[in-house]
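**Q** Protein chains in written order, with this note's numbering: chain L, 207 to 314; chain G, 326 to 579.
Below is the structure I would like to discuss, written out as structure tokens.
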């Protein structure tokens, strides 16, 4: 009787161990849409069950519109900066000649 | 020797230095006594020196005009190149945007956006060109005024110098003391020089007007860019609203 009980116990241990080993080897059977528990890989078909996390229709276009607008505005600002350079200082290059003109007249 | 004496009576700076080492202070009374004898020969030297300086100034004026022209052409070319590059870049951006449009409604919204941006760019470029043209016209006008003032100052200087020399000649012919005539001529020449230098201060005011013109141009361009920013943001918000973003209109008013 005691030997029979030990045998049943041993069988149970083998069964439980087998189940645990099987689960570890194959991984948990995740429900669809639980990407966060699966190293970020979205299971096939999970999108239909997780609609709230998806961008709304046209959001790609909206995001692109924001990028394009920022780019255009930034380019315009850069363009305007090129005009801040004081570009014509050489217009007064004759200052030395004017000085020489007044220095030219001396009576010793 | 006589040439040195003549030149030292009406001496440009370089000649003074030259005679200073050879004549020395002991010759000054002798020079003063000879003044009336040499005045007719010496005066052309002074006037000739003035003429040479005037020619140099005229050559400089030509150089400045040429440089200004070249500078503007270079600036225009650089701006044209930037405009072309930006146009190509913009095309690529618009293409990317069009690729994102899937439905007819989205495609129509993108077309509207592109048209609005192109209109804003045309408007901005016209405003910038107008600001640049106004700046250049202002600089040209200021340069013209400056040159007219320079010409007037030189004319006055030459007239004053001629008048001073003529006055000295007359005094010499009337038997005035040579030393006295020389001193008077020095006084008159110094007065002519001071008058020229005062005129010069007025001439230099062009720097201020050019600074003001640059500031006006800067402000006009900043305004054009700011208007452009608002218009592009409004176009962006309209596009977003057209494809379903209800919050889009809140960003363009800043």
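Cβ coordinates follow ideal geometry from the N, Cα and C atoms, glycine included.
With a threshold of 7 Å on Cβ separation, who are the neighbours of residue 483 of chain G within its own chain once the five nearest residues in sequence on each side are excluded?
**A** 375, listed in sequence order.
**Q** Once DSSP output is grouped into helix, strand and coil, what is the label at residue 386 of chain G?
**A** It is helical.
**Q** Can you give me the C-alpha to C-alpha distance between residue 260 of chain L and residue 549 of chain G, rounded to a whole angstrom?
**A** Because the pLDDT at residue 260 of chain L is just 47, under 50, the model does not fix this residue reliably, and the value given afterwards should be weighed accordingly. Using only the alpha carbons, I get a separation of about 39 Å.
**Q** Which residues in the same chain have their Cβ closer than 6 Å to the Cβ of residue 423 of chain G, if we skip the five residues on either side of it in sequence?
**A** Cβ within range, chain order: 435.
**Q** How would you call residue 544 of chain G, buried or exposed, if buried means at least 16 neighbouring beta carbons within 10 angstroms?
**A** Counting Cβ neighbours within 10 Å, residue 544 of chain G comes out exposed, since fewer than 16 surround it.
**Q** Mapping the DSSP letters down to three states, classify residue 544 of chain G as helix, strand or coil.
**A** Three-state DSSP puts residue 544 of chain G in a helix.
**Q** What's the gap between the Cα of residue 312 of chain L and the Cα of residue 501 of chain G?
**A** So the alpha carbons of these two residues sit roughly 21 Å apart.
**Q** Where do the N-terminal and C-terminal ends of the alpha helix (DSSP H) with residue 439 of chain G fall, by residue?
**A** Segment 429 to 498, the alpha helix (DSSP H) holding residue 439 of chain G.
**Q** Does the CB of residue 558 of chain G have a neighbour CB from chain L at under 9 Å?
**A** Yes, because at least one Cβ of chain L sits closer than 9 Å to the Cβ of residue 558 of chain G.
**Q** So that I know if they touch, is there some Cβ in chain A lying closer than 9 Å to that of residue 470 of chain G?
**A** Given the protein chain composition of this structure (L and G), no chain A is represented.
**Q** Check whether the region 558 to 566 of chain G touches the region 518 to 530 of chain G, taking contact to mean three or more Cβ pairs, one atom from each stretch, closer than 8 Å.
**A** No: fewer than three Cβ pairs fall under 8 Å.
**Q** Using CA atoms only, rank isn't needed, just tell me which of G:427, G:361, G:457 and G:471 is closest to residue 404 of chain G.
**A** Residue G:457 is the option with its Cα nearest to residue 404 of chain G.
**Q** In the structure shown, what three-state DSSP assignment does residue 274 of chain L receive?
**A** It is helical.
**Q** How far does the alpha helix (DSSP H) with residue 302 of chain L in it reach, from first residue to last?
**A** Taken as a continuous stretch (DSSP letters only), the alpha helix (DSSP H) holding residue 302 of chain L covers 301 to 309.
**Q** Under 9 Å between C-beta atoms, does residue 522 of chain G make it to chain L?
**A** Output row for residue 522 of chain G: interface = yes.
**Q** Of all the CB atoms in chain G, is at least one closer than 9 Å to the CB of residue 255 of chain L?
**A** Note that residue 255 of chain L has pLDDT 39, beneath the 50 cutoff, so the model's placement of it is unreliable and no number is given.
**Q** Taking CB distances under 9 Å as the criterion, tell me whether residue 421 of chain G reaches chain L.
**A** Closer than 9 Å to some Cβ of chain L, the Cβ of residue 421 of chain G qualifies, so yes.
**Q** Quick one, which of G:513, G:446, G:488 and G:491 has its alpha-carbon nearest residue 278 of chain L's?
**A** When each option's Cα is compared against that of residue 278 of chain L, the closest is G:446.
**Q** State the start and end residues of the unbroken alpha helix (DSSP H) segment that holds residue 526 of chain G.
**A** Per DSSP, residue 526 of chain G belongs to the alpha helix (DSSP H) from 503 to 528.
**Q** Go ahead and pull the three-state DSSP assignment for residue 549 of chain G.
**A** Helix, per DSSP.
**Q** Hey, residue 538 of chain G and residue 464 of chain G are a contact pair by Cβ (cut 8 Å); roughly how many whole angstroms apart?
**A** So it is a contact: roughly 6 Å between Cβ atoms.
**Q** Note down, in chain order, each residue of its chain lying with its Cβ closer than 8 Å to the Cβ of residue 474 of chain G, except the 5 sequence neighbours on either side.
**A** Correct list, in chain order: 524, 527 and 528.
**Q** Taking the alpha carbon of residue 496 of chain G as the point to measure from, which residue in G:507, G:487 and G:385 has its own alpha carbon closest?
**A** Taking only the C-alpha atoms, the option nearest residue 496 of chain G is G:507.
**Q** Short of 7 Å in beta carbon distance, which residues of its chain neighbour residue 361 of chain G, apart from the five on each side in sequence? Order them along the chain.
**A** Closer than 7 Å at the Cβ level, and outside the excluded window around residue 361 of chain G, lie 497, 503 and 506.
**Q** By how many angstroms is the C-alpha of residue 554 of chain G removed from the C-alpha of residue 386 of chain G?
**A** If I take the Cα positions, the gap works out to 42 Å.
**Q** Whole angstroms are fine: how far does the CA of residue 390 of chain G sit from the CA of residue 477 of chain G?
**A** For residue 477 of chain G and residue 390 of chain G, the distance between alpha carbons rounds to 19 Å.
**Q** Flag this pair as yes or no: are the beta carbons of residue 531 of chain G and residue 461 of chain G separated by less than 9 Å?
**A** No, Cβ-Cβ distance for residue 531 of chain G and residue 461 of chain G is not below 9 Å.
**Q** Quick check on residue 557 of chain G: does DSSP put it in helix, strand or coil?
**A** Residue state, collapsed to three classes: helix.
**Q** Suppose you measure from the CA of residue 517 of chain G to the CA of residue 398 of chain G; what does that come to, to the nearest Å?
**A** Answer to the nearest angstrom: the Cα atoms are 41 Å apart.
**Q** Please return the same chain residues whose Cβ sits closer than 6 Å to the Cβ of residue 419 of chain G, not counting the five positions on each side in sequence.
**A** Cβ within range, chain order: 439.
**Q** Short of 9 Å Cβ to Cβ, which residues in the region 424 to 457 of chain G face chain L?
**A** Under the 9 Å Cβ criterion, the region 424 to 457 of chain G contributes 424, 425, 426, 427, 428, 430, 431, 434, 435, 438, 442, 445, 446, 449, 453, 456 and 457.
**Q** I need the DSSP call for residue 579 of chain G, collapsed to helix, strand or coil.
**A** Note on residue 579 of chain G: pLDDT 43, under 50, position unreliable in the model; the coordinate value appears next. Note: residue 579 of chain G maps to coil in three-state DSSP.
**Q** Nearest to residue 443 of chain G by alpha carbon, out of G:411, G:430 and G:509?
**A** It is G:411 whose Cα lies nearest to the Cα of residue 443 of chain G.
**Q** Starting from the C-beta of residue 437 of chain G, find all residues in its chain whose C-beta is less than 6 Å away, skip the five residues before and the five after it, and write them out in chain order.
**A** Within the same chain, residue 437 of chain G has no close Cβ partners at all.
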